[in-house]
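If you're matching them up, the sequences are chains A and B in order. Numbered according to the numbering used here, the first sequence terminates at residue 225, and the numbering increases by one at each position without gaps. Numbered according to the numbering used here, the second sequence terminates at residue 177, and the numbering increases by one at each position without gaps. Note that CB positions come from ideal geometry on N, CA and C, so glycine has one too. The block underneath contains the structure these notes are about, expressed in structure tokens.
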Amino acid sequence: MLCCGSVLKSSSESRPMHIVDGALSNPVVIGGAVAAVGGIAMGLRSLPLERIPAAGVLSASFFVASLIHVPIGPSSVHLILNGLAGLVLGWAAFPALFVGLLLQAVFFGFGGLTVLGVNAVNIALPAVLVGLMFRPLVARGSPLQGAIWGGIGGGAAIAATTLAVAVSLMLSGDEFILAAKLVFFSHIPVMVIEALLTGAAIFLARRVKPELFGDTKGSLA
Amino acid sequence: MIRSCVLILALLAPLPALAHNVISAVFPSGSDIEGEVGFSNGEMAPDLLIEVFDQAGGKLGETRTDTDGFFLFTPSEPVTHIFRGDLGAGHVAEAIMDAAEVAQIMGQSPSAAAPAAASTAAIPSAATAAGLSDQARAELAAMMRNELRPLRQELTAFKNKSDFQSVLGGIGYIFGLFGLGFYIAARRKIGSIE
Chain A
5 MLCCGSVLKS
15 SSESRPMHIV
25 DGALSNPVVI
35 GGAVAAVGGI
45 AMGLRSLPLE
55 RIPAAGVLSA
65 SFFVASLIHV
75 PIGPSSVHLI
85 LNGLAGLVLG
95 WAAFPALFVG
105 LLLQAVFFGF
115 GGLTVLGVNA
125 VNIALPAVLV
135 GLMFRPLVAR
145 GSPLQGAIWG
155 GIGGGAAIAA
165 TTLAVAVSLM
175 LSGDEFILAA
185 KLVFFSHIPV
195 MVIEALLTGA
205 AIFLARRVKP
215 ELFGDTKGSL
225 A
Chain B
-16 MIRSCVLILA
-6 LLAPLPALAH
4 NVISAVFPSG
14 SDIEGEVGFS
24 NGEMAPDLLI
34 EVFDQAGGKL
44 GETRTDTDGF
54 FLFTPSEPVT
64 HIFRGDLGAG
74 HVAEAIMDAA
84 EVAQIMGQSP
94 SAAAPAAAST
104 AAIPSAATAA
114 GLSDQARAEL
124 AAMMRNELRP
134 LRQELTAFKN
144 KSDFQSVLGG
154 IGYIFGLFGL
164 GFYIAARRKI
174 GSIE
């Protein structure tokens, strides 16, 4: 576990999706917290009873996904799976991802409690947006078509998250272009892997449980 | 849904789980302050700009880490030194050495904070008592540091590692929380029907 002796090539390759305590300025932290509370309230309101178990499973998937580092060349990246959560849950992805983040912060010191709001917004907002945009497309057509759209959505969620992270850093004084480039390019492999995984998950879900995307009555879209 | 998640988990399960946290530490090194910056998995941060500030936020100077993530800084004022390294993308390393320790390094009598002599300073002063020359003292201190370095790194890595039990515990918490939510929502629904 602590073996990797390889010299760090770029500092961004360990988990930049979780911003740590002390890296952001106070207005950003407070703004993030307020936005997160709003998102969670919105998400809880659009979480019907029968979706709660699905939300729990996706929350747990997210919790575990961030702990698993995929070695790519000399560095390693970790999965996030926020796109999948957004596609399945819509707004309800917000509380689901928040719970995952909270427990990551408490158990492993990922991120930190003060930046929890910002991290929640950075990860959950792209999930919700992807859900709103791609969910109708994922539900339509053959399972394969749905899977392709799902894959695009999964990749887009990561891209949007890197952008959100870069914006948070910029608002705190980092140079945007530099930060954005650093986070974005180091996450291209994650985008590809997440796209494939999300596509596979959507394909399977469309085959075995098509009603997961079928009902629109649950105010999800 | 459940099957797809099981599939995802099954796909991911064999991969090693590990977490990265930024670790940083400073310690006296003869007349300098030595420090290290890296990640909890043992990777160090080479060639990183370390800025040094005093307590009020005024900049005292800067230095760079070497290929092993170590840096040296020679203090010129006996004040509290705050070392900050921005590893980019939300990673910030910060380590603090208080005024008493800095004063001790500079060979000044730590008049401001004599009673608060740091524990790290105890070894050199004990060596002085044993009648060692300054050079022998410095060599001894350097030797100790080199011996302790891997230990310290491993200890920090150990403190920061995420073990399997915590992962399972976290998953348990999540299911418990959502189960509770489900219970409350179901009760509300039943209540509204009656």
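- Minimum Cα-Cα distance from B:Gln136 among the listed residues B:Met27, B:Asp117, B:Phe54, B:Gln87 corresponds to B:Met27.
- Closest in C-alpha terms to B:Leu43, from the list B:Pro61, B:Asp49, B:Phe53, comes B:Pro61.
- The contact set of A:Gly158 on chain B, defined by CB atoms closer than 9 Å, is empty, because the minimum CB distance reaches about 12 Å.
- A contact is defined here as three or more CB-CB pairs under 8 Å, and the stretch 159 to 167 of chain A meets this definition with respect to the stretch 80 to 95 of chain A.
- Among the bridge pairs identified by DSSP, B:Thr46 is matched with B:Ile33.
- In this structure the stretch 140 to 155 of chain A lies against the stretch 196 to 206 of chain A, because at least three pairs of beta carbons, one per stretch, are closer than 8 Å.
- Here the alpha carbons of A:Ala131 and A:Lys213 stand approximately 21 Å from one another.
- Under the Cβ distance rule, A:Phe189 does not count among the residues neighbouring chain B, no pair being separated by less than 8 Å.
- A:Val119: not part of any alpha helix (DSSP H); DSSP gives it neither H nor E.
- Residues are counted here when their Cβ sits less than 7 Å from a Cβ of chain B; for the stretch 30 to 61 of chain A these are Leu53, Ile56, Pro57, Ala58, Ala59, Gly60, Val61, given in chain order.
- Within a 10 Å sphere around the beta-carbon of A:Asn126 sit 16 or more other beta-carbons, which makes this residue buried.
- Under a 10 Å Cβ-count criterion, A:Gly36 is classified as buried, with 16 or more other Cβ atoms of the shown protein chains found around its own Cβ.
- Asn143, Lys144, Ser145, Ser149, Val150, Gly152, Gly153, Ile154, Tyr156, Ile157, Phe158, Leu160, Phe161, Gly162, Gly164, Phe165: these are the residues of the stretch 142 to 165 of chain B whose beta carbon lies less than 8 Å from some beta carbon of chain A, given in chain order.
- In the DSSP secondary-structure assignment, B:Gly68 is bridged to B:Ile33, B:Ala76.
- Flagged as an interface residue toward chain B: A:Ala64, by a C-beta distance shorter than 8 Å.
- In the DSSP assignment, A:Ile34 falls within the unbroken alpha helix (DSSP H) covering 30 to 49.
- Excluding sequence positions up to five before and after A:Val33, its CB lies within less than 8 Å of the CB of Thr118, Val119, Gly121, Val122, all in the same chain and listed in chain order.
- Annotation: B:Glu77 to A:Val103 spans about 28 Å, alpha carbon to alpha carbon.
- Residue-level contact by beta carbon fails for B:Lys42 and chain A, as no gap is shorter than 8 Å.
- Interface with chain A (8 Å Cβ-Cβ cutoff): B:Ala124 is excluded.
- A buried status is given to B:Pro58, since no fewer than 16 other beta-carbon atoms sit within 10 Å of its beta-carbon.
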